[in-house]
Every structure is written in structure tokens, then in C-alpha cells.
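Reading the sequence shown from the start, the letters are residues -7 to 230 in my numbering.
Yeah, the Cβ is synthetic: ideal placement off N, Cα and C, and Gly gets one too.
Structure, as C-alpha cells:
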Amino acid sequence: MRESGRLLAIVHDELGKAIRPGMTTKDIDRLGEEIIRSFGCTPNFLNYNGYPASICVSVNDEVVHGIPSKKRHLDAGDIVSLDAGLIYKGYHSDAARTHAVGEISKEAQKLIDVTRECFFEGIKFAKAGNHLHDISNAIAAYAEKYGYGVVEELVGHGIGTHLHEEPEVPNFYQHTKGIRLKPGMTLAVEPMINMGTKDVEWMDDDWTVVTADGALSAHYENTILITEGEPEIFTMKR
Ligand code: MF3
Ligand code: CO
């Protein structure tokens, strides 16, 4: 899992450096798949429940699961969320980042920053002996301070020899404690935060999730390991 995450962090770093106005969302997918395969790894999203690409590329009001297209060009001022995962020797990793395309508005940058901060607020509670929903509630509380909408229809998840394992990791307020966290658990924690309403809709391609009000959305995700102390973040360079 550690090596799977380390390699995925490199994929994200490379994709982040490659983003520029004019490129297509398909260009990003091609580059991402190429890097994953150069490691001898397999993209875990490709053909997952029929998903037709290796990287999810979601622009502006697209929340997650945007399907790469050679007709969709990135413009300066856009924000683009890249969600990627890979399999190394049978072990999955999963991570997402939202990037600015060229110069973006202050408001858009704030959304990107707060979404990343939501993840770090949440994982302050990701520790053996705490409860799963401590993470959820911390994420929700932080996003609420900024008046943002927290997506409820999609959640984080356990991860290991499968991309999606138990438990679900919600990003919104929970009225139960959730399971008790134990050392060795591996989770994908992934706040999806909207500038406006929390409500989302599915597009006709049955994959792309968009905000109901057309406002911007950002996504930030890492695969983490629960320990007795600080969680280990597998999908970030250390
Ligand atoms: N990264 C997504 C998640 O966190 C999975 C994408 S599923 C795919 O659950 F089918 F779109 F690839
Ligand atoms: Co995930």
C-alpha cells in the first residue's frame, strides 16, 4: 500500500506540472495512464464499473468522475480536479487534487485551499481509538465555516486489495460515532466541496457528477494508514 501510494503521488505531481490552458482532458488521461504503466502498475479506474478512462478529470462545476474527452479543452481561469488511482502488486491507491488552470479568481483559489484543508482537519482525528465519524464531522465543520456545500451523495472509503472497501467515509455531519479506528486500517478520505449548494446531479453520460447550481466544486483525496499516532499519508511525497 505504501509503495502504491508513493507511485501515485508521483503521478499527481507530474500531472499537476503538466496542466496548462489549451490541453484537453483526454491529454491528461493519456499522460496519467502512461506514467502509471511506466511503473508497471495498472490504472484501477479503467473499466471500473465500465468507467472508460484511467483518470477522472472534472472541470469547474463538475464534482467528480468527469470523463476525459479530446473535445474538452482547459481554459485559463478553470479549475480542474484530477482523481487517479493505481494497483501495485495487487494493492490499490487512490488520490485526488484540484488544480488551477492559468490564473484563477481569488474565490476559486480559496475553494481549492479550503478543500485541501478540510482533508487535513479531518485526519487530525484519524487515529486508533477515535471513531470514524470524528473525521466526517471535522471535515463538515471546517467547510461550514466558509459557507461551502459538502457533497453527501459521494463518500470516501476503505481501500486495500480492492479500490472500494468498507467502511464508507462520509464528509458530512454524522449522528452516530461510526466504527472505532484501529491500527492498520487504510482509508481514502476525500472531501468534495462546493462553492454553493451541496446538491449534485448526474449528467447524461451517467458518470459526470455536477453541482446542481452550476457553482464550482473542488476535490482532495489521499489514501492513509491509521496508526496509534499520526496517520501515514501514503499518497503524498514525504
Ligand atoms: N476515485 C474515485 C473514488 O474515490 C473512484 C473513481 S471510480 C471510477 O472512489 F470509476 F470513476 F473510476
Ligand atoms: Co476514492
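Within the segment 123 to 153, the runs of alpha helix (DSSP H) at least 4 residues long that lie entirely inside it are, in chain order, 124 to 137.
The Cβ-Cβ distance between I59 and D196 does not fall below 7 Å. In the DSSP assignment, R89 forms a beta bridge with L74. According to the DSSP assignment, L179 belongs to the beta strand (DSSP E) that extends over 178 to 181. At a threshold of 6 Å, C110 does not count as near ligand 1, since its beta carbon sits no closer than that to any of the ligand's heavy atoms. Distances taken from the Cβ of Y40 to the heavy atoms of ligand 1 include one shorter than 6 Å.
Beta-bridge annotation (DSSP): N214 is paired with V181. Counted as a single uninterrupted DSSP element, the alpha helix (DSSP H) harbouring T17 occupies residues 17 to 30. For the pair of segments examined, the segment 92 to 102 was found not to touch the segment 160 to 172: the number of CB pairs separated by less than 8 Å stays below three. By DSSP's assignment, E157 forms a beta bridge with G150. With a threshold of 6 Å, the Cβ atom of D86 counts as near ligand 1, since some heavy atom of the ligand is closer than that. Rounded to the nearest whole angstrom, the CA to CA distance from E220 to K119 is 6 Å.
Ligand 1 has no heavy atom closer than 6 Å to the beta-carbon of C33. Counting C-beta atoms within 10 angstroms of its own C-beta, T153 has fewer than 16 neighbours from the protein chains shown and is therefore classed as exposed. The DSSP-derived three-state label of R230 is coil.
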